[in-house]
Amino acid sequence: MPAAPEQEHLKPRIKRDKGTPRHSCETMMKTTLFKTLSHSSLILLGLMMFSQLGVAGNKALIMGIGHYANASSNLTGIDLDRSHARFIAKMLGVSEADMTEYSDTQLTLTGMRQAFDKLIRSVQADDAVLVYYSGHGSRRKMGSSCSESLVTYDGQAFSDQELEKKLQHISQKARKLIVFLDSCFSGGATYVKSRTYDLSQSAWQPKYLPGDNCSRPSNITRDYHVLATKWGDTVNNYTYIAAARDDEASFAGINGSVATLAWRACLENGAEDSDASGGITAEEIQQCAQDKINRTIGNSDTDRPHHVTLAGNTHTVLELTKNLIAEAAPVTAPDAKATLQDIFNSRDARRQVKLTSPGQTLRINQDWLAFTVQSAHNGYVYVLMVGSDNKTFAVLFPNAEDPDNRISAGSALALPRSHWRIRAAGPEGSDRLLVLVTETPRDFASLATSTELFPSISSTADNTRALQALAGTIKGDCHGSDCRYGAALLDIEEKH
Numbered sequence: 001m002p003a004a005p006e007q008e009h010l011k012p013r014i015k016r017d018k019g020t021p022r023h024s025c026e027t028m029m030k031t032t033l034f035k036t037l038s039h040s041s042l043i044l045l046g047l048m049m050f051s052q053l054g055v056a057g058n059k060a061l062i063m064g065i066g067h068y069a070n071a072s073s074n075l076t077g078i079d080l081d082r083s084h085a086r087f088i089a090k091m092l093g094v095s096e097a098d099m100t101e102y103s104d105t106q107l108t109l110t111g112m113r114q115a116f117d118k119l120i121r122s123v124q125a126d127d128a129v130l131v132y133y134s135g136h137g138s139r140r141k142m143g144s145s146c147s148e149s150l151v152t153y154d155g156q157a158f159s160d161q162e163l164e165k166k167l168q169h170i171s172q173k174a175r176k177l178i179v180f181l182d183s184c185f186s187g188g189a190t191y192v193k194s195r196t197y198d199l200s201q202s203a204w205q206p207k208y209l210p211g212d213n214c215s216r217p218s219n220i221t222r223d224y225h226v227l228a229t230k231w232g233d234t235v236n237n238y239t240y241i242a243a244a245r246d247d248e249a250s251f252a253g254i255n256g257s258v259a260t261l262a263w264r265a266c267l268e269n270g271a272e273d274s275d276a277s278g279g280i281t282a283e284e285i286q287q288c289a290q291d292k293i294n295r296t297i298g299n300s301d302t303d304r305p306h307h308v309t310l311a312g313n314t315h316t317v318l319e320l321t322k323n324l325i326a327e328a329a330p331v332t333a334p335d336a337k338a339t340l341q342d343i344f345n346s347r348d349a350r351r352q353v354k355l356t357s358p359g360q361t362l363r364i365n366q367d368w369l370a371f372t373v374q375s376a377h378n379g380y381v382y383v384l385m386v387g388s389d390n391k392t393f394a395v396l397f398p399n400a401e402d403p404d405n406r407i408s409a410g411s412a413l414a415l416p417r418s419h420w421r422i423r424a425a426g427p428e429g430s431d432r433l434l435v436l437v438t439e440t441p442r443d444f445a446s447l448a449t450s451t452e453l454f455p456s457i458s459s460t461a462d463n464t465r466a467l468q469a470l471a472g473t474i475k476g477d478c479h480g481s482d483c484r485y486g487a488a489l490l491d492i493e494e495k496h
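Here it is in structure tokens:
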């Protein structure tokens, strides 16, 4: 890692080339969205990173049905779910004025279609959108096959095929999309139909409305990775969470649905930055939520906890209006490489960045670092590096010798350039390079405590979070499209 000579404890990994001036440095399953995401799909959450929190471009559609035309289908606590959803939306940066809410009689099949169509018309480029639904789900015969659906107020099926089309329309316009459906599908079909739930005996209601006999063997699971083929590059902007396995039911209760309550609690104050990266990821929220679900339902004779399952970009960093990390006691020293991984995982994959290198193993004191960056979009290139000490970040590019970091769409940028070449200097171990191509300039060097050619940033808790904020993964100073970036990651081994 580049470091000032006096910082011997950092064990500099890159040294100057003595031959250069002193200032130079050396199952193929074609399915609809629900079928791709989860065989059980008891809860589906697409968690996208909102580029900027609390801006007018963030929108939320909140839907909940607790009272159905057929009163025997009524669910308890759904009105509170809508309140919890408003809280979640607010945590994700949606203002009250940009939340649209529908309930019960408003959500007939026609009403639900109109709600989506109205949202589609209102979404503008670079908007971030949350869609939330709480109510019954079902799985019914459609021709010769079975189809998951949301159950509308009038008992009709808002099919997964129709929902997928609506969401695709939104995603084509919006910058980011969150979809959170707290409802049961086929996973609990056989299990639920064999029982009668009495709230005087059980605190929880299964959120499943039986349709035709469309149960699926529990040992047949869906291929979550088909999603990547179906949605292409945009899959990185989605994280899907199923609240239960395919043989489990999720539950509603008098204070709200179990999964929604768990996610709210974890967003509010319960999640832990387990990898000490400086950001809270969807996976870390999931771990927190599962613990709360386990403790809420317990292992009684009547009910069992359902198990949260993730798919898609499970490592995306959540941008929250509340700094959960600052409020929690630190549990471990910051992990600089994990911070770079967080930033990479939270990239906009539609902004493709290609990073190639002639070799990922460098011989110490012999080989020179070399790589080429290509971007699908115009932007500004930044190169950050963490060495084997895993304690500091080095800003390799741009630098004082080479401040022009602009790149044009489709062009190739070979780095390092000849007047600031970098040679492997040891010790043995792994270095991590992160290349960002941002839409607007960033000033990563502002976090540095040195004025070296390659400014060094200590991996403190404050700095890891500040670095993520500057990149655009969490709440920072960028606005709207300014926060967008593409990224590529490369690990390099140094050996004798």
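Numbering follows the UniProt record's numbering, with no gaps: position 248 of the sequence shown is 248. Idealized CB from N, CA, C, for every residue including glycine. Given the structure is predicted, the values throughout are model-derived calculations rather than measurements.
- With fewer than 16 other Cβ atoms from the protein chains shown falling within 10 Å of its own Cβ, residue 254 counts as exposed.
- Relative to residue 468, the option among 381, 341 and 356 whose CA is nearest is 341.
- Sorting 426, 399 and 317 by C-alpha distance to the C-alpha of residue 443 places 399 at the top.
- Contact annotation: residue 166 and residue 123 have beta-carbon atoms that are not nearer than 8 Å.
- For residue 337, same chain residues with a beta-carbon under 6 Å away, outside a window of 5 residues either side, are 386, 390 and 432 in chain order.
- With contact defined as three or more Cβ pairs closer than 8 Å, the segment 422 to 440 and the segment 371 to 380 are in contact.
- DSSP places residue 489 within a strand segment (E or B) once states are collapsed to three.
- Secondary structure at residue 391: coil, using DSSP grouped into helix, strand and coil.
- Under the Cβ criterion (8 Å, minimum of three pairs), the segment 345 to 357 counts as touching the segment 482 to 489.
- Distances from the alpha-carbon of residue 407 to those of 364, 441 and 424 put 441 closest.
- Within the same chain, Cβ atoms closer than 8 Å to the Cβ of residue 298 are found at 305, the five residues on either side in sequence being excluded.
- In this structure the segment 107 to 114 does not lie against the segment 290 to 297, because fewer than three pairs of beta carbons, one per stretch, are closer than 8 Å.
- Residue pairing from DSSP leaves residue 454 without any beta-bridge partner.
- In the DSSP assignment, no residue is bridged to residue 82.
- Sequence-distant Cβ neighbours of residue 383 in its own chain, meaning closer than 6 Å and more than five residues away, are 396, 397 and 435.
- Of the candidates 296, 278, 267 and 295, the residue whose Cα lies closest to the Cα of residue 285 is 267.
- In the three-state reduction of the DSSP assignment, residue 423 falls in the strand class.
- Per the coordinates, the alpha-carbon of residue 309 lies some 12 Å from the alpha-carbon of residue 259.
- Between the alpha carbons of residue 148 and residue 355 lies a distance of about 40 Å.
- Burial check for residue 428: the Cβ neighbour count within 10 Å stays below 16, so the residue is exposed.
- Per DSSP, the unbroken alpha helix (DSSP H) holding residue 290 starts and ends at 282 to 297.
- In the DSSP annotation of this structure, the continuous segment of the alpha helix (DSSP H) that includes residue 164 starts and ends at 160 to 173.
- Contact holds between the segment 99 to 107 and the segment 63 to 79, because three or more Cβ pairs, one in each stretch, are under 8 Å apart.
- Secondary structure note for residue 462: its alpha helix (DSSP H) is the uninterrupted segment 461 to 471.
- By the neighbour-count criterion, in which 16 or more other beta carbons inside 10 Å mark a residue as buried, residue 412 falls on the exposed side.
- In the structure shown, residue 369 adopts coil according to DSSP, grouped into three states.
- Look at residue 65 here: in three-state DSSP terms it is coil, with no helix or strand label.
- By DSSP's assignment, residue 153 forms no beta bridge with any residue.
- DSSP places residue 111 in the uninterrupted alpha helix (DSSP H) bounded by 109 to 122.
- Taking C-beta separations shorter than 6 Å and ignoring five residues to either side along the sequence, residue 125 has no partners in its chain.
- Secondary structure of residue 59 (DSSP, three-state): strand.
- Following the DSSP letters along the chain, one finds residue 354 inside the beta strand (DSSP E) bounded by residues 353 to 356.
- In the three-state reduction of the DSSP assignment, residue 345 falls in the helix class, which pools H, G and I.
- Contact between residue 456 and residue 394 holds, with the beta-carbon distance rounding to 6 Å and staying under 8 Å.
- In the three-state DSSP reduction, residue 265 falls in the helix class (H, G or I).
- Judged by DSSP secondary structure, residue 101 falls within the beta strand (DSSP E) whose first and last residues are 99 to 103.
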